[in-house]
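The opening residue of the sequence shown carries number 2 in our numbering; numbering runs sequentially from there.
Following: one structure in structure tokens, then a few remarks.
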Amino acid sequence: MNKIAQFHQGTQSDLWKWVTVSTACVVCFVVGINATAILSAATQISSEFHIDEASFSYSYFLVTAWNLAAAIFPLFVLPFMEDVGIRIIYLIMYLLFIIFVMVQAVAPNFATLIVARVIAGACGGVLQNAVDGIAADLWQLDKRKRTTSLTLYTLSLLGGVTFGPVFGGAIIKFLNWRWILYIQLILYGALFPTVFLGLQETRPKEDRQKSETSENSQRQDSDMLSTILRSTNLLTTEFIVATFTLWSSFAFGCVFMCSQSVPQVFTALYGWSEWKTGLVQVSLLIGEIIGFGVCLVQDNLIYPHFTATKSNPEARLYTSIPATLLGLMGGFFLYAWSSYSEIPWIAPALGLVLIGLGITCVVQAVSVYVTDSYASHASSAISAVAFGENIFAALLPLATRDMYDRLEFPWASSLLAFASLALSFVPVMLVLSGAKIRGRSSYAESS
2 MNKIAQFHQG
12 TQSDLWKWVT
22 VSTACVVCFV
32 VGINATAILS
42 AATQISSEFH
52 IDEASFSYSY
62 FLVTAWNLAA
72 AIFPLFVLPF
82 MEDVGIRIIY
92 LIMYLLFIIF
102 VMVQAVAPNF
112 ATLIVARVIA
122 GACGGVLQNA
132 VDGIAADLWQ
142 LDKRKRTTSL
152 TLYTLSLLGG
162 VTFGPVFGGA
172 IIKFLNWRWI
182 LYIQLILYGA
192 LFPTVFLGLQ
202 ETRPKEDRQK
212 SETSENSQRQ
222 DSDMLSTILR
232 STNLLTTEFI
242 VATFTLWSSF
252 AFGCVFMCSQ
262 SVPQVFTALY
272 GWSEWKTGLV
282 QVSLLIGEII
292 GFGVCLVQDN
302 LIYPHFTATK
312 SNPEARLYTS
322 IPATLLGLMG
332 GFFLYAWSSY
342 SEIPWIAPAL
352 GLVLIGLGIT
362 CVVQAVSVYV
372 TDSYASHASS
382 AISAVAFGEN
392 IFAALLPLAT
402 RDMYDRLEFP
412 WASSLLAFAS
422 LALSFVPVML
432 VLSGAKIRGR
442 SSYAESS
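So this is what it looks like as structure tokens:
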């Protein structure tokens, strides 16, 4: 029996597997803070670097740069990690991430800050999106534990980027914007020993000896190219990956759109300061935590009930359909039509709670269903989904301010509600025809 099979069948205890998953999820959460915490300091940064925000939100490029790098870099690195192992590359990415958070903290100008965030985002994207592949490796023979790991991963992914403005808002109230990054550095440095000891290798390299002939060398080059391009191939040829990427990307992008619209809405309606609007995004985080609980119910009660007598992977999607309709669509409508100064702030905040719940259920359903369907290529499939998520997270918020200015608050949020309604047909289609679609997929059949 090869090493990977031995690993999956119990040579590592469940305790160490949970330590590895938990370590990766903690890293995923704290890395996400770096993506968005700096938004709370937009005014200070614009003032220090003499940036004119009157016509365009240039300060949001700090988040766009991070997310674009997080979208592109893992697309090539994660498939490579599937073949050569995770631990060494993961630790290198973590150390590079710390270095470029330090560069952000001492950046003498806006251009340096942007470049540092590009590299930090590239490393951070790998650290975040590797968690799905880690869970798939560790629990290959135990779907329930794998699903619980993926649900925890979803909460850590969404929770980190949602908590960022809360974290930054609390600091900016008392300290200079650079302290947002200094405190992150302290956190990341203190966490490194835990990462080094707790992150176990989940894909031990098999003992494969290849001859050094020219023919075998060419074959290795071809295999390497195939590995690197696997994610893009899945994204462009697999119907499930393509449609679920669109669905999950919109949901993930909504987190970042809210990070733009919340300061705009709550400042205009209630005269709140920048740091206070950062704190209101706790509402979104509360919704995500509730969504985490809903996902656990889905995977431990609803899914087993519908798969007791026959395999039915599409049962993973049952909760995500009402979550899209009631959570995303309903939340955006509540957020939209309570956006009036005479209505108490708690009403739009409750809309954010529903939005957070819907986002979590959607992203978790996509993560679990795609991982189940493409188990042996889970990292590649998820890096394809993550590419779309980070592209949407990078670009959608650039239009948020103009959209909310031109359409006004109620109709801008209503537009997002209607988009949620349209995308609710994606899981419905898979529930009805998922077996046939998977049957036509060579990747899904071989997983």
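Glycine included, each C-beta is placed from N, C-alpha and C at the ideal position.
Compare the beta carbon distance of residue i and residue j with 7 angstroms and say whether it is the shorter of the two.
| i | j | result |
| --- | --- | --- |
| residue 379 | residue 72 | no |
| residue 411 | residue 346 | no |
| residue 67 | residue 145 | no |
| residue 383 | residue 143 | no |
| residue 390 | residue 197 | no |
| residue 154 | residue 26 | yes |
Which same chain residues end up closer than 6 angstroms to residue i when comparing Cβ atoms and leaving out the 5 residues on each side of it in sequence?
| i | result |
| --- | --- |
| residue 427 | 244, 248 |
| residue 271 | 346 |
| residue 45 | 178 |
Using the Cα positions of residue i and residue j, report the straight-line distance between them to the nearest angstrom.
| i | j | result |
| --- | --- | --- |
| residue 459 | residue 14 | This structure does not reach residue 459, given that the chain is present from 2 up to 448, and the question cannot be answered. |
| residue 152 | residue 24 | 15 angstroms |
| residue 372 | residue 204 | 16 angstroms |
| residue 452 | residue 418 | Shown here, the chain extends from 2 to 448; a query on residue 452 therefore has no answer. |
| residue 300 | residue 156 | 15 angstroms |
| residue 1 | residue 131 | This structure cannot speak to residue 1, because the chain is shown only from 2 to 448. |
| residue 341 | residue 282 | 18 angstroms |
| residue 212 | residue 84 | In this prediction, residue 212 has a pLDDT of 34, which is less than 50 and means its spatial position is unreliable; nothing more can be read from the coordinates. |
| residue 416 | residue 257 | 16 angstroms |
| residue 285 | residue 123 | 25 angstroms |
| residue 96 | residue 437 | 44 angstroms |
| residue 47 | residue 16 | 47 angstroms |
| residue 403 | residue 54 | 12 angstroms |
| residue 317 | residue 233 | 25 angstroms |
| residue 442 | residue 430 | 16 angstroms |
| residue 408 | residue 414 | 9 angstroms |
| residue 29 | residue 161 | 7 angstroms |
| residue 298 | residue 111 | 46 angstroms |
| residue 266 | residue 439 | 43 angstroms |
| residue 50 | residue 116 | 15 angstroms |
Cutting at 7 angstroms between CB atoms, please list the residues of its own chain near residue i, excluding the five before and the five after it.
| i | result |
| --- | --- |
| residue 59 | 52 |
| residue 367 | 245, 248, 249, 386 |
| residue 164 | 34, 286 |
| residue 75 | 126, 127, 130, 384, 387 |
Output needed for residue i: all residues of its chain with C-beta closer than 8 angstroms, excluding positions within five of it in sequence on either side, in chain order.
| i | result |
| --- | --- |
| residue 186 | 99, 102, 103, 106 |
| residue 432 | 315, 318, 319, 322 |
| residue 32 | 98, 125, 128, 129, 161 |
| residue 289 | 156, 159, 160, 163, 357, 358, 360, 361 |
May I ask which residues mark the beginning and end of the alpha helix (DSSP H) holding residue i?
| i | result |
| --- | --- |
| residue 300 | Run containing residue 300: none; DSSP gives neither H nor E here. |
| residue 324 | Counting along the chain, residue 324 falls outside any alpha helix (DSSP H), and DSSP gives it neither H nor E. |
| residue 268 | 240–271 |
| residue 347 | 347–374 |
| residue 130 | 111–139 |
| residue 84 | 62–85 |
| residue 340 | Unbroken run through residue 340: none, as it is neither H nor E. |
For residue i, which option in the options has the closest C-alpha, if you only look at C-alpha atoms?
| i | options | result |
| --- | --- | --- |
| residue 328 | 39, 358, 166, 108 | 358 |
| residue 365 | 291, 401, 408, 336 | 291 |
| residue 172 | 163, 183, 133 | 183 |
| residue 240 | 30, 45, 434 | 434 |
| residue 69 | 86, 127, 82, 431 | 127 |
| residue 39 | 370, 344, 275 | 275 |
| residue 324 | 425, 202, 406 | 425 |
| residue 362 | 296, 440, 49 | 296 |
| residue 332 | 420, 180, 407, 408 | 420 |
| residue 108 | 349, 93, 180, 78 | 180 |
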